[in-house]
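Each remark here refers to the structure printed beneath this line.
Protein chains in written order, with the working numbering: chain A, 222 to 438; chain B, 40 to 355.
Written out as structure tokens, the structure is:
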């Protein structure tokens, strides 16, 4: 956001730059702000720190305002906009990514807290030509309407299936000391950190169940 | 979020000293509660001391036959630990009843103890709140109080402590181990760790400025049936209206603690002693002196019914 590296002015870019100029108290018009590099004086006033993250297999070293969440680092600095900002308070799960294999809310952690971490976003799971099995299953089962929660749902499901494989119990597991299987109740409980305001839950559950294969009850 | 400087501490003593050097510093571990509050400027530390590199992420057996849980052990890892599942089921169950899987993967043992109330008036910075702004008043009193405390509240604050884990820790008589900025260590019984609001609801724990939790220890296993029952407005991912943590032996004796009803996990020796007499007797002792509001008077019968369900489950 503070270093636009594309000269094309998208609607989104204009909106973002507009927000930045408003924050800086600038009187520039949105279009002017979008094509200029924001003044450094504003940004130097706040503490920054350097962090190197491995995102989808590629190392990136970023100098960030310490306040930058992992979510904002991914979206605004690495331009990986597949990961979505929903509530920005850990309540909706739209920002779910995998960090060192574990699903977390990227909105509730600072990028500088993750030196050397391996981050996997929706862009790192599959490609349009070669979808991840969960991506393919979401398409097949129509596991969305607007699609905004979908990257978070899919990253969360990847982490969730791994948690089941590792034998991590859930609130609805009848016995804490036997390996859990992915019953419909287990699936719903384990995916409760991802909201879908379109209410595509039944199709999301079908998509995940298909991929879960042998883990299903 | 207000700007802050950031450092990564390498040892617990270094972290405590760094926090003491910076009067407006906070430790950050999982960050799932602190960053939420920083975004709302309810918390505005000028300096963050990241404690994630402190190697406090192990669960070890103690010489007394219990467990020492490192402060940085994530909620998922603690709930899934084989020893915890086998010997301290009430703790696994309480952890799994809290938050979402994503949050549990990040949230730590110490951070869970230190999480702050979800009172909506604490979160609404346009409203007075003695916890957020000491002396400004309590907007919850006379407001919408379905979630609020029925026990131990004060004219200054009727907020509840939101943790499920802490309720299980209370029933297990856990001990909180800390290090102070001068390097001195101390052990705080969980019963004394959280404070009632009194006139200083912004002071929530027994920790002193710069004091860092290093671990939480559990005494040797109690045996018995371990149960955590949480009643909430949704089936998952919601805070407790009422919760019951219980360890019940075959002879009907045992111990019980309540969540969702006070500024700290609620336990009473006389209620433990009344367990063989049944839910009504236990509830009467736990709820002695309760002062519900119009909105949350339902919590009193709900406590008794939840206790009855827990005791029935223990017998089955």
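For each residue, glycine too, the CB sits at the ideal point set by N, CA and C.
- Query: How many Å lie between residue 169/B and residue 178/B at the Cα?
  - Reply: In the second chain, residue 169/B corresponds to position 130, counting from 1. In the second chain, residue 178/B corresponds to position 139, counting from 1. Taking the straight line joining both Cα atoms gives about 9 angstroms.
- Looking at C-beta atoms only, is the number of pairs between the segment 82-100 of chain B and the segment 351-364 of chain A that lie closer than 8 angstroms three or more? no
- Item | Close Cβ partners of residue 146/B (< 7 angstroms) along its chain, the five nearest in sequence each way excluded | Taking the first residue of the second chain as position 1, residue 146/B is located at position 107. Within the same chain, residue 146/B has close Cβ partners 69, 71, 113, 114, 138.
- Query: What is the DSSP secondary structure of residue 309/B, reduced to helix, strand or coil?
  - Reply: Within the second chain, residue 309/B is the residue found at index 270, counting from 1. Three-state result, residue 309/B: helix.
- Which whole-angstrom value describes the C-beta separation of residue 342/A and residue 303/A, a residue pair presumed to lie in contact below a C-beta threshold of 8 angstroms? Taking the first residue of the first chain as 1, we reach residue 342/A at position 121. Taking the first residue of the first chain as 1, we reach residue 303/A at position 82. Confirmed, about 6 angstroms.
- Query: In whole angstroms, what separates the C-alpha of residue 95/B from that of residue 148/B?
  - Reply: As a first step, residue 95/B is located in the second chain; it is residue number 56 there, counting from the start. As a first step, residue 148/B is located in the second chain; it is residue number 109 there, counting from the start. So the alpha carbons of these two residues sit roughly 10 angstroms apart.
- Under the three-state reduction of DSSP, which class applies to residue 280/A: helix, strand or coil? Residue 280/A sits at position 59 when you count from the first residue of the first chain. Strand, per DSSP.
- Message: Distance cutoff 7 angstroms, beta carbons only. Does residue 335/B sit that close to anything in chain A?
- Response: In the second chain, counting from the first residue as 1, residue 335/B sits at position 296. No, residue 335/B does not count as interfacial toward chain A.
- Query: Between residue 49/B and chain A, is there a C-beta pair that is closer than 7 angstroms?
  - Reply: One-based indexing of the second chain puts residue 49/B at position 10. For residue 49/B, the answer is no, since every Cβ of chain A falls outside 7 angstroms of its Cβ.
- Message: Does residue 401/A pass the burial test, meaning 16 or more other C-beta atoms within 10 Å, or should it be called exposed?
- Response: Position 180 of the first chain holds residue 401/A. Per the 10 Å Cβ criterion, buried.
- Task: Return the first residue and the last residue of the beta strand (DSSP E) that residue 66/B is part of.
- Result: Along the second chain, one-based indexing puts residue 66/B at 27. That run of the beta strand (DSSP E) goes 64-67.
- Task: Might you give, ordered along the chain, the residues of its own chain that have their beta carbon closer than 7 angstroms to the beta carbon of residue 391/A, omitting 5 neighbours on each side?
- Result: Stepping through the first chain from its first residue, residue 391/A is reached at position 170. Contacts found: 401, 407, 410, 411.
- Opposite residue 326/A in the DSSP bridges: which residues? Position 105 of the first chain holds residue 326/A. Beta-bridge pairing links residue 326/A to 317/A.
- Message: Here's the rule I'm using: 16 or more other beta-carbon atoms within 10 Å means buried, otherwise exposed. How should residue 268/B be labelled?
- Response: Counting from 1 along the second chain, the entry for residue 268/B is found at position 229. Per the 10 Å Cβ criterion, buried.
- For the segment 367-385 of chain A, enumerate the residues whose C-beta is nearer than 8 angstroms to any C-beta of chain B, in chain order. 377, 380, 381, 384
- Query: Quick one, are the C-beta atoms of residue 323/A and residue 144/B less than 7 angstroms apart?
  - Reply: Your numbering for residue 323/A matches position 102 in the first chain. Your numbering for residue 144/B matches position 105 in the second chain. Yes, Cβ-Cβ distance for residue 323/A and residue 144/B is below 7 angstroms.
- Query: Can you list, in chain order, the residues of its chain whose CB lies under 7 angstroms from that of residue 226/A, leaving out five sequence neighbours each side?
  - Reply: Residue numbering aside, residue 226/A sits at position 5 when the first chain is read from its first letter. Note that residue 226/A scores 43 on pLDDT, short of 50, meaning its location in the model is unreliable; the coordinates nonetheless yield the value given after this. There are no such residues.
- Item | Contact set between the segment 301-313 of chain A and chain B, restricted to residues whose Cβ is under 9 angstroms from the partner | 309, 310, 311, 312
- Message: Assuming the contact rule is C-beta atoms closer than 8 angstroms, residue 202/B and residue 152/B should be a hit. Round their C-beta distance to whole Å, please.
- Response: The residue given as residue 202/B occupies position 163 in the second chain. The residue given as residue 152/B occupies position 113 in the second chain. So it is a contact: roughly 7 angstroms between Cβ atoms.
- Could you please give me the residues that DSSP links to residue 419/A through a beta bridge? On the first chain, position 198 is the one that residue 419/A refers to. BP columns for residue 419/A are empty, so no partner.
- Task: Return no unless some Cβ of chain B is closer than 7 angstroms to the Cβ of residue 433/A.
- Result: Sequence index remark: in the first chain, residue 433/A carries index 212 (1-based). No, no contact with chain B.
- Residues in its own chain within less than 8 angstroms of residue 335/A by CB, not counting five upstream and five downstream? Taking the first residue of the first chain as 1, we reach residue 335/A at position 114. Hits under 8 angstroms: 272, 274, 291, 320.
- Message: Output needed for residue 44/B: all residues of its chain with C-beta closer than 6 angstroms, excluding positions within five of it in sequence on either side, in chain order.
- Response: Counted from its first residue, the second chain places residue 44/B at position 5. Result list for residue 44/B: 86, in chain order.
- Message: Strictly under 7 angstroms for the Cβ-Cβ distance: is residue 425/A near chain B by that measure?
- Response: Counted from its first residue, the first chain places residue 425/A at position 204. So no, residue 425/A is outside the interface.
- Cβ of residue 298/A within 7 angstroms of any chain B Cβ: The sequence position of residue 298/A within the first chain is 77, counting from 1. Answer no: the Cβ-Cβ gap between residue 298/A and chain B never drops below 7 angstroms.
- Message: Just to confirm, is the Cβ distance from residue 210/B to residue 286/B under 7 angstroms?
- Response: Taking the first residue of the second chain as 1, we reach residue 210/B at position 171. Taking the first residue of the second chain as 1, we reach residue 286/B at position 247. Yes, the pair counts as a contact, with Cβ atoms nearer than the cut-off.
- Query: Taking Cβ-Cβ distances shorter than 9 angstroms, what residues in chain A pair up with residue 44/B?
  - Reply: As a first step, residue 44/B is located in the second chain; it is residue number 5 there, counting from the start. Going along chain A in sequence order, the residues near residue 44/B (Cβ under 9 angstroms) are 268, 270, 287.
- Query: When we look at the beta-carbon of residue 333/B and count the other beta-carbons within 10 Å, is it buried (16 or more) or exposed?
  - Reply: By one-based count along the second chain, residue 333/B stands at place 294. By the neighbour-count rule (16 or more Cβ atoms within 10 Å), residue 333/B is not buried but exposed.
- Cβ contact check for the segment 224-235 of chain B and the segment 121-136 of chain B: 3 or more pairs under 8 angstroms: no
- Between 346/B, 256/B, 120/B, 341/B, which lies nearest to residue 294/B when the distance is taken from Cα to Cα? Position 255 of the second chain, counted from the first residue, corresponds to residue 294/B. Answer by Cα proximity: 346/B.
- Message: Can you pull the chain A neighbours of residue 40/B, defined as C-beta to C-beta under 8 angstroms?
- Response: On the second chain, residue 40/B is found 1 positions in, with the first residue counted as 1. Per Cβ cutoff of 8 angstroms: 288.
- Query: Could you give the residue range of the beta strand (DSSP E) that holds residue 44/B?
  - Reply: The residue labelled residue 44/B in the question sits at position 5 within the second chain. 44-47 is the span of the beta strand (DSSP E), which, as asked, contains residue 44/B.
- Message: Against residue 126/B, what residues of chain A qualify as contacts under a CB-to-CB distance less than 7 angstroms, listed in chain order?
- Response: The sequence position of residue 126/B within the second chain is 87, counting from 1. Chain A residues near residue 126/B: none, gap ~11 angstroms exceeds 7 angstroms.
- Would the beta-carbon of residue 213/B fall within 7 angstroms of that of residue 257/B? Here residue 213/B refers to the residue found at position 174 when the second chain is read from its first residue. Here residue 257/B refers to the residue found at position 218 when the second chain is read from its first residue. Yes. Within cutoff.
- Message: Just to check my reading of the structure: residue 42/B and residue 268/A have Cβ atoms closer than 8 angstroms, yes? What is that Cβ distance to the nearest angstrom?
- Response: As a position in the second chain, residue 42/B is number 3, starting the count at 1. As a position in the first chain, residue 268/A is number 47, starting the count at 1. With a Cβ gap of about 6 angstroms, residue 42/B and residue 268/A count as contacting.
- Message: Let's test the definition: count the other Cβ atoms within 10 Å of the Cβ of residue 330/A and tell me whether it reaches 16, buried, or not, exposed.
- Response: If you number the first chain from 1, residue 330/A lands on position 109. With 16 or more other Cβ atoms within 10 Å, it is buried.
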